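Participant:
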Amino acid sequence: MDVDPTQPERQILHLCKPDGTPIRPLVLDEKLKERFDSQGKPEISADGKWIAFDAWTSDPKRTRQESKIVIVDFDGQTTTNIIDGSLPSFSPDGKRLVFSRPRRYTNTDGAEGTSIWIMDIDGGNRMMVAHRGAWGGRWSPDGKSIVFFGGENENGIAVPKSCLRLFDIESETTTNIFSPDDSPFGELSVQFEWAKDNSRRVVFGGPLKDTKELATGVIQVDEGISSLMVRTGDTMDAGLLHGSSYNWNPNGDSFLMAGTVGDRILPIAVSIDLLEAPQTFDGIPENVSTSDPIQTPDGNHLIVSFRSQ
9 MDVDPTQPER
19 QILHLCKPDG
29 TPIRPLVLDE
39 KLKERFDSQG
49 KPEISADGKW
59 IAFDAWTSDP
69 KRTRQESKIV
79 IVDFDGQTTT
89 NIIDGSLPSF
99 SPDGKRLVFS
109 RPRRYTNTDG
119 AEGTSIWIMD
129 IDGGNRMMVA
139 HRGAWGGRWS
149 PDGKSIVFFG
159 GENENGIAVP
169 KSCLRLFDIE
179 SETTTNIFSP
189 DDSPFGELSV
199 QFEWAKDNSR
209 RVVFGGPLKD
219 TKELATGVIQ
229 VDEGISSLMV
239 RTGDTMDAGL
249 LHGSSYNWNP
259 NGDSFLMAGT
269 VGDRILPIAV
279 SIDLLEAPQT
289 FDGIPENVST
299 SDPIQTPDGN
309 HLIVSFRSQ
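Next comes the structure, spelled out in structure tokens:
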């Protein structure tokens, strides 16, 4: 396990057993870990062969505006520094990524503010999906759509970050899954995730418009607001975090998120129907807090970012 109590800002992705027991750091390249000692937001390809993640340095003179997207094979041996950016998400065939770009690249990209792009995994054939505050693009398992927030409407007016939006790959058009007026959320968190069972459900979170209480939403994107289920931390029996990541169980009956348990941040699995108590992971070492947990497609491993408690 690679955790350093003298460097509390350092966070390193680890491959773990299903109960959270660490097996090894995800990346075995010591030089890369030294260069990028903060790692998070992992995304695994549908075939389980590759993991893409955010990588940046915890140097206080630098910021996440300088984050890179790195791809590593499951064995942790082969790594590729791809491009400046954040929140990578694989296409279903594993050949392309959708990712977000910070506003610092406005001049070089020709984008206004933060933006979302599609590219081949070797960095070629880049295409902008949206800009002007667009962020968090995630590729649907059926390959048809990308979900995100922000951007602009057909009249060039910025869309509030309180609603989910859908980019259609074939037509290259964008629609709102639900409108800002209909949204019960004041704003959305920066992370969303599709269910892996092709049900076209998305889980997301953020503070509610009326009460400011943090909540999680699950929606069937083609049915819109009528299908939205909203749950607060009390109803899920879990402490919610603004900006928490989400990841669906492969069978689609629960999702994984980072939540508070006492004074620690730990992975929590929440059932969609709430008929089962939230699951915690007993193998997580006592001296760490975690972020950005995901499950591998076969359900046999977790990938979790560890930092000193």
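In my numbering, the protein residues as written are 9 to 317.
We put the CB at the ideal spot given by N, CA and C, even for glycine.
Please read all numbers here as calculations on a predicted model, not as lab measurements.
1) With C-beta atoms as the reference, is Ser94 less than 8 angstroms away from Lys49?
2) Considering only the beta carbon of each residue, do Gly121 and Gly141 sit closer than 8 angstroms?
3) What is the residue span of the beta strand (DSSP E) that Glu51 lies within?
4) Where does Ser191 fall in DSSP's three states?
5) Using only the alpha-carbon positions, how far apart do Arg208 and Lys103 sit?
6) Can the beta-carbon of Leu274 be found less than 8 angstroms from the beta-carbon of Phe263?
7) Taking the alpha helix (DSSP H) that Arg43 falls in, what are its first and last residues?
8) Between Val238, Thr88, Gln47, Asp150, which lies nearest to Asp281 when the distance is taken from Cα to Cα?
9) Which complete beta strand (DSSP E) runs does the stretch 249 to 316 hold, if anything under 3 residues is left out?
10) Would Pro192 and Pro168 be called neighbours here (beta carbons separated by less than 8 angstroms)?
11) Are the beta-carbon atoms of Asp45 and Thr29 separated by less than 8 angstroms?
12) Pick out whichever of Ile31, Glu17, Val11 has its Cα sitting closest to the Cα of Gly291.
13) Ordered along the chain, which non-local residues of its own chain (more than five positions away) have a Cβ less than 7 angstroms from that of Glu195?
14) Evaluate Gly164 with the Cβ neighbour count: other Cβ atoms within 10 Å of its Cβ, from every protein chain shown; 16 or more gives buried, anything less gives exposed.
15) Do the CB positions of Leu174 and Ser153 come within less than 8 angstroms of each other?
16) Identify which residue in Ser75, Thr240, Asn255 has its Cα closest to the Cα of Phe107.
17) For the beta strand (DSSP E) that Ile20 lies in, which residues bound it at each end?
18) Would you check if the distance between the CB atom of Ile227 and the CB atom of Ile185 is smaller than 8 angstroms?
19) If you scan the stretch 196 to 245 from start to end, which runs of the beta strand (DSSP E) of 3 or more residues do you find wholly inside it?
20) Taking the straight line between their C-alpha atoms, what separation do you get for Ile233 and Thr14?
21) Excluding five sequence neighbours on each side, which residues of the same chain lie with their C-beta closer than 8 angstroms to the C-beta of Glu294?
22) Would you kindly check if the distance between the Cβ of Ile90 and the Cβ of Ile77 is under 8 angstroms?
Facilitator: In brief:
1) Stepping through the sequence shown from its first residue, residue 94 is reached at position 86. Stepping through the sequence shown from its first residue, residue 49 is reached at position 41. In contact: Ser94 and Lys49 (Cβ atoms closer than 8 angstroms).
2) Indexing the sequence shown from 1 puts residue 121 at position 113. Indexing the sequence shown from 1 puts residue 141 at position 133. Yes, these two residues count as a Cβ contact at 8 angstroms.
3) Residue mapping note: residue 51 aligns to position 43 of the sequence shown, counting from 1. 46 to 52 is the extent of the beta strand (DSSP E) around Glu51.
4) Along the sequence shown, read from residue 1 onward, the residue named residue 191 stands at position 183. Annotated three-state conformation of Ser191 is coil, per DSSP.
5) For the purposes of this step, residue 208 is identified with residue 200 of the sequence shown, where counting begins at 1. For the purposes of this step, residue 103 is identified with residue 95 of the sequence shown, where counting begins at 1. One Cα belongs to Arg208, the other to Lys103, and the distance between them is close to 21 angstroms.
6) Looking up residue 274 in the sequence shown gives position 266. Looking up residue 263 in the sequence shown gives position 255. For Leu274 and Phe263, no; Cβs fall outside 8 angstroms.
7) Translated into positions along the sequence shown, residue 43 becomes position 35. That run of the alpha helix (DSSP H) goes 38 to 43.
8) Locating residue 281 in the sequence shown gives position 273, where the first residue counts as 1. Checked all of Val238, Thr88, Gln47, Asp150; the closest Cα to Asp281 is Val238.
9) Complete beta strand (DSSP E) runs here, min 3: 254 to 256, 262 to 269, 272 to 279, 296 to 303, 310 to 316.
10) Start at 1 with the first residue of the sequence shown, and residue 192 comes out as number 184. Start at 1 with the first residue of the sequence shown, and residue 168 comes out as number 160. With contacts defined as CB atoms closer than 8 angstroms, Pro192 and Pro168 fail to qualify as a contacting pair.
11) Counting from one through the sequence shown, the residue named residue 45 turns up at place 37. Counting from one through the sequence shown, the residue named residue 29 turns up at place 21. No, the pair does not count as a contact, with Cβ atoms beyond the cut-off.
12) What you label residue 291 is simply residue 283 of the sequence shown in a count that begins at 1. Considering only alpha carbons, the answer is Ile31.
13) On the sequence shown, position 187 is the one that residue 195 refers to. These residues qualify, in order along the chain: Lys169, Ser170, Gly214, Pro215.
14) Taking the sequence shown and counting its residues from 1, one reaches residue 164 at position 156. Gly164 comes out exposed.
15) Counted from its first residue, the sequence shown places residue 174 at position 166. Counted from its first residue, the sequence shown places residue 153 at position 145. Their beta carbons are under 8 angstroms apart, which means Leu174 touches Ser153 by this criterion.
16) Position 99 of the sequence shown, counting from 1, holds the residue named residue 107. Looking at the Cα atoms, Ser75 is the closest of the given residues.
17) As a working mapping, residue 20 is identified with position 12 in the sequence shown. 19 to 24 is the span of the beta strand (DSSP E), which, as asked, contains Ile20.
18) Mapped onto the sequence shown, residue 227 falls at position 219. Mapped onto the sequence shown, residue 185 falls at position 177. Yes, the pair counts as a contact, with Cβ atoms nearer than the cut-off.
19) 209 to 215, 222 to 228, 237 to 240
20) Here the question's residue 233 lines up with position 225 in the sequence shown. Here the question's residue 14 lines up with position 6 in the sequence shown. Approximately 47 angstroms between the Cα atoms of the pair.
21) By 1-based counting over the sequence shown, the position of residue 294 is 286. The answer, listed in chain order, is Gln317.
22) Along the sequence shown, one-based indexing puts residue 77 at 69. Along the sequence shown, one-based indexing puts residue 90 at 82. Yes. Within cutoff.
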